[in-house]
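The working numbering runs 804 ahead of the 1-based position in the sequence shown. The beta-carbon is built from N, C-alpha and C at its ideal position, and this holds for glycine as well. This structure is a prediction, so every number in the text was calculated from the model and none was measured. The structure appears right after this line, and notes come after that.
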Amino acid sequence: MGEQIVSDIIIVGGGNAALCAALTAREAGVSVTVLECAPPEYRGGNSRHTRNMRCMHDAPTDVLTEAYPEDEYFADLLRVTGGETTECLARLVIRESPRANAWMKSYGVRFQPSLGGTLHLGRTNAFFLGGGKALMNSYYAAAEARGIRVFYNAEVTALTIRDGKFESGEMLLNGRPAEFRAKALVAASGGFESNLEWLEEAWGPAARNFIIRGTPYNRGRVLKLLLNQGVEQIGDPTQCHAVAIDGRAPKFDGGIVTRLDCVPLGIVVNSHAERFYDEGEDLWPKRYAIWGRLVAQQQDQIAYSIIDSKVLGRFMPSVFPAIPAGSIGELAGALNLPPERLEATVREFNRSVQPGTFDHQILDNCRTAGLTPPKSHWAQAIDQPPFYGYPLRPGITFTYLGVRVNEKAAVQFQTTASSPNLFAAGEIMAGNVVGKGYLAGLGMTIGSVFGRIAGREAALAAAR
């Protein structure tokens, strides 16, 4: 079989949840080994593309304004998920978020206040100074200093589980077969969003036009191994964190700079130059993650954001420049849209805009009347040239299909029994908390809280 790796605890994965589990377990004095399938330069999974985490707090902090109490946080979650959440686990994530934040600081993670603009996150989300890559670099430096072994290019290919208990596993380590054994295992290996064949199996041919915002290494291998051995599934394979991103983004790993936040400030049309949803339905952090799915439902999975000069500087632009034009007809030509139809759509929208006081920081009173679909907030006539357009594609961040866990992060088997030594954290179990929709920063909070729980419980299991 080749090299054999023995450790008290094995962590499969190399992102935020995995390193939170590894560091927490190491605090208990057990030996910890991390298996990261990516090479060192791509370590960290999707976490290296992140910017913030959503935190409950009862009073202003060094980086958060006002207060964001538990019940409001949970109400926000209920609204975006339509109730598709496990309340006890969701409230656990919410209540533990302040302690997770403090713990992260103890490992060198630094925070900063949010930027202004359409994100509206100053009260709810703590931003990482230097972004997700700086966060992960802090964790890996702490892991090295504490004697945690990290193996890169380590792709798990098999798991031996008997009577609900993990025994051993196999992997390709730098392309060569190897075996690993441990008293407990934490699966923190992400979703299956980079497995294009699996996406197409769930979504059909439309998936061929999806862009994967994050790592190309989240192919769902460990998820499938667990499900095939009787671990209980949670979530729908078609549900995912999917946002509207710049259609010019690369197929993989474009990250957060390809996201477009101008949607609420203009109109969005499909390839027929027709609007198809309310661009101003709610504050952007509560609605940005529905737009990937909305675009995915359009012909050829493409749409276009149309804005005018009035809103420039009010949103974080894509890494790609907007496509400018002196008139709506000219913009239609540049975007390969039917000019007469786009002109008619803009004209109809402009006529429907009601008087109001525009304020992109709140749910203002600028709306349309007699228009289907309506625009509920931030409706302004698109009438100040030059005009600008961005092509939109569905950008998949992570999938919600995963494994069911309990409040101790132990995976549940279809027999309803929980494993005594097999735990899960991060994207691979996020569907327990967020069954559909999304709240900005929630994924990192789930990973941080359940990573720490999984690490603590794995250490206890290893000591038994």
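### Task
Entirely within the stretch 1169–1206 and at least 4 residues each: give me those alpha helix (DSSP H) ranges in chain order.
Complete alpha helix (DSSP H) runs here, min 4: none at all.
### As assigned by DSSP and simplified to three states, the class of D875
Correct three-state label for D875: helix.
#### Entry: Residues of its chain near E900, where Cβ-Cβ distance is below 7 Å and the 5 sequence neighbours each way are ignored
So the list reads V1253, once near-sequence residues are dropped.
### Task
Would you mind reading off the limits of the alpha helix (DSSP H) that contains K937?
Run containing K937: G935 to A949, per the alpha helix (DSSP H) assignment.
### Per-residue DSSP class, three states only, for N1236
Note: N1236 maps to helix in three-state DSSP.
### Query
In terms of residues, what are the limits of the alpha helix (DSSP H) holding C824?
Following the DSSP letters along the chain, one finds C824 inside the alpha helix (DSSP H) bounded by residues N820 to E831.
### Query
Buried or exposed: where does P864 fall if 16 or more other Cβ atoms within 10 Å of its Cβ makes it buried?
Residue burial annotation: P864 is exposed, with fewer than 16 other C-beta atoms found within 10 angstroms of its C-beta.
### Query
So, helix, strand or coil for Y956, using DSSP?
DSSP places Y956 outside both helix and strand once states are collapsed to three, so it counts as coil.
### Task
Mind checking who H861 pairs with in its DSSP beta bridge?
Looking at the DSSP assignment, H861 forms a beta bridge with Y872.
### Task
With a cut-off of 8 Å on the beta carbons, I'd call R1145 and A1221 a contact; round off their distance for me.
Not quite, the Cβ-Cβ distance comes to about 58 Å (not below 8 Å), so this is no contact.
### Task
Decide yes or no for the touch test of the stretch 986–1001 against the stretch 876–891: beta carbon pairs closer than 8 Å, at least 3 of them.
Flag = no, the stretch 986–1001 and the stretch 876–891 do not touch.
### Query
Where A821 and G1255 are concerned, what is the direct C-alpha to C-alpha distance, given to the nearest angstrom?
In this structure, the CA atom of A821 is about 4 Å from the CA atom of G1255.
### Bridge partners - Q1216, DSSP secondary structure assignment
Its beta-bridge partners are S1222.
#### Entry: Under the three-state DSSP convention, the category V884 falls into
The DSSP-derived three-state label of V884 is helix.
### Task
Taking the CB atoms as reference points, tell me whether C1066 and F1119 lie closer together than 8 Å.
The Cβ atoms of C1066 and F1119 lie closer than 8 Å to each other.
### Query
Between the Cα of E959 and the Cα atoms of S942, R1091, T1161 and R1025, which residue gives the shortest distance?
Nearest in C-alpha terms to E959, of all of S942, R1091, T1161 and R1025, is R1025.
### Query
In terms of residue numbering, what span does the alpha helix (DSSP H) encompassing I1144 cover?
According to the sequence shown, residue 1144 is Glu rather than Ile. Judged by DSSP secondary structure, E1144 falls within the alpha helix (DSSP H) whose first and last residues are P1143 to S1156.
### Nearest candidate by alpha-carbon position, reference V1150, set K1090, I1132 and N905
If we check each option's Cα against that of V1150, I1132 comes out closest.
### Task
Report yes or no: do the stretch 1055–1071 and the stretch 1256–1267 share at least 3 C-beta pairs separated by less than 8 Å?
Look at the beta carbons and you see the stretch 1055–1071 not touching the stretch 1256–1267: under three pairs across the two are nearer than 8 Å.
### Task
Leaving aside the five residues before and after C892 along the sequence, list all residues of the same chain whose C-beta is less than 8 Å from its C-beta, in chain order.
Close CB contacts of C892 within its chain, under the 8 Å cut and outside five residues either way in sequence, are with E1211 (chain order).
### Query
So is L933 buried or exposed if we call it buried at 16+ other beta carbons inside 10 Å?
With fewer than 16 Cβ atoms within 10 Å of its Cβ, L933 is classed as exposed.
### Task
Could you check the C-alpha separation between L1196 and A1138 for me, to the nearest Å?
In a straight line, the C-alpha of L1196 is about 14 Å away from that of A1138.
#### Entry: 8 Å Cβ cutoff met for S1180 and K969
Not in contact: S1180 and K969 (Cβ atoms no closer than 8 Å).
### Task
Grab the span of the beta strand (DSSP E) containing S901 for me, first residue to last.
Boundaries for S901: no beta strand (DSSP E) harbours it, while the alpha helix (DSSP H) harbouring it runs E891 to S910, taken from the DSSP string.
#### Entry: Proximity to V834 [Cα-Cα], best of H853, S811 and G817
Of H853, S811 and G817, the residue nearest in Cα terms is S811.
### As assigned by DSSP and simplified to three states, the class of M1248
M1248 falls in the helix class under three-state DSSP.
### Message
Restricting to Cα atoms, I'd like to know which of T869, G1245, V1035 and I952 is closest to T1219.
### Response
Among T869, G1245, V1035 and I952, the Cα nearest to that of T1219 is on V1035.
#### Entry: Spatial neighbours of T1161 in its chain, beta-carbon cut-off 8 Å, leaving aside the 5 residues before and after
Counting only Cβ-Cβ distances below 8 Å, and skipping sequence neighbours, we find D1168, N1169 and C1170.
### Query
Is it buried or exposed for K987, if we count other Cβ within 10 angstroms and need 16 for buried?
Flag for K987 reads buried.
### Task
Specify, as a first and last residue, the run of the alpha helix (DSSP H) that L1027 falls within.
For L1027, the enclosing alpha helix (DSSP H) starts and ends at R1025 to N1032.
#### Entry: Secondary structure of T854, DSSP reduced to three states
T854: coil per DSSP, three-state reduction.
### Message
For P844, count the other beta carbons within 10 Å of its own beta carbon; 16 or more makes it buried, fewer makes it exposed. Which is it?
### Response
Residue environment: P844 is assigned as exposed (fewer than 16 neighbouring CB atoms within 10 Å of its CB, all protein chains considered).
### Message
Tell me which residue opens and which closes the beta strand (DSSP E) that K1090 is part of.
### Response
Counted as a single uninterrupted DSSP element, the stretch harbouring K1090 is not any beta strand (DSSP E) but the alpha helix (DSSP H) occupying residues W1088 to R1091.
### Among R1079, Q1184, T1176 and Y1192, the one whose alpha carbon lies nearest that of P1128
For the residues R1079, Q1184, T1176 and Y1192, the minimum Cα distance to P1128 belongs to Y1192.
### Message
For A1048 and L1064, which I take to be in contact (beta-carbon distance under 8 Å), what is that distance rounded to the nearest angstrom?
### Response
The beta-carbon distance between A1048 and L1064, rounded to whole angstroms, is 6 Å. This is short enough to meet the 8 Å contact definition.
### Query
Going straight from the alpha carbon of T922 to that of R1017, what length do you get?
Here T922 scores only 49 on pLDDT, less than 50, and its place in the model should not be relied on; the value that follows carries that caveat. So the alpha carbons of these two residues sit roughly 20 Å apart.
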